[in-house]
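Just so you know, the numbering used here puts 102 at position 81 of the sequence shown, and the rest follows in order with no gaps.
Just so it is clear, CB atoms sit at the ideal spot from N, CA and C, and this is done for glycine as well.
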Amino acid sequence: MKTISFNRKIVLAAIAILVIILAGIVALTFYDNNSDETGEIPTYYTHGSYVIDISNPEELSGQADYVFVGKVDKIAGTEYLFPVMVEVMSDGKIKEVEVADPYTNYYVTVIENIKGELVQNQSIPVLKQGGISKDGRFYVLPEGDFMPEEGKTYVFYTNTLSNGTLLIPGAKTNIEIKTDDVNSESVKNSSAYQIAVKAVENQKENKRERFVSTYDLTNENVTNN
């Protein structure tokens, strides 16, 4: 597998989609959910203002282009986008440091489609907002969010960028299905799946420009293996 690479044009498309979902990232909220004393990497959360109620699955489903159950096969590195220079205090002195937004590259196998028809039975690339900082000292995530883990299964609520890339955009968009058995019946019996199915059936669609994933079965070059 190749690590996904994104150029500036693609990144701008990603941000355009994010702006639709978020009114904007206001500030870094320095809430550390892992004490440094444990030796674990801390997580810092960004506070955003949403244009939908992300706690309402019907609104979340209406915002999403695709809703599906997927198993995380691989974490394939992190992209650092839109760097800016900020002033920080270090050793009693003010210095400028570069800060960039992390986006994490994943490979995911679609197990069940709930909204939309993505290819199944093969590992496809997905981009996630958030990830490890460039210096590796902490994670940066939208408030209320967490990073999907390799080997685990989730309901994903994703948007599609103009180039066909799937994007997991923020909080409440990856809901873990707590099962070691990823067969269809086991997945369908989970509460996360059943909530998503009902939400899609009663979705409150957010009017915006939408795009088709590169891995949508309507694309003539895409087939299930």
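Applying the criterion that 16 or more other CB atoms from any shown protein chain within 10 Å of the CB defines a buried residue, is Phe-89 buried or exposed? buried
Which residue's Cα is closest to the Cα of Glu-206: Ile-132, Ile-189, Pro-104? When only C-alpha atoms are compared, the closest one is Ile-132.
Check whether the region 74-90 touches the region 222-237, counting contact only when three or more Cβ pairs, one atom from each stretch, lie closer than 8 Å. yes
By the 10 Å Cβ neighbour count, where 16 or more other Cβ atoms means buried, how is Pro-190 classified, buried or exposed? buried
Buried or exposed, going by whether 16 or more other CB atoms sit within 10 Å of the CB of Val-93? Buried: at least 16 other Cβ atoms inside 10 Å.
Within the continuous beta strand (DSSP E) that includes Ala-121, where are the two ends? 114-136
Range covered by the alpha helix (DSSP H) that runs through Ser-207: 205-209
Does the region 197-217 come within contact of the region 165-175, defined as at least 3 CB pairs closer than 8 Å? yes
Using a Cβ-Cβ distance cut-off of 9 Å, determine whether Tyr-65 contacts chain B. Checking the listed chains, one finds no chain B in this structure; it contains a single protein chain.
Would you call the region 140-149 and the region 104-112 touching, i.e. three or more CB-CB distances under 8 Å? no
Hey, Ala-220 and Ser-82 are a contact pair by Cβ (cut 8 Å); roughly how many whole angstroms apart? 4 Å
Just to confirm, are Thr-239 and Glu-138 a CB contact at a threshold of 9 Å? In this structure, Thr-239 lies near Glu-138, with their beta-carbon atoms less than 9 Å apart.
Length-filtered (4 minimum) alpha helix (DSSP H) runs lying within the region 170-234: 205-209, 212-222
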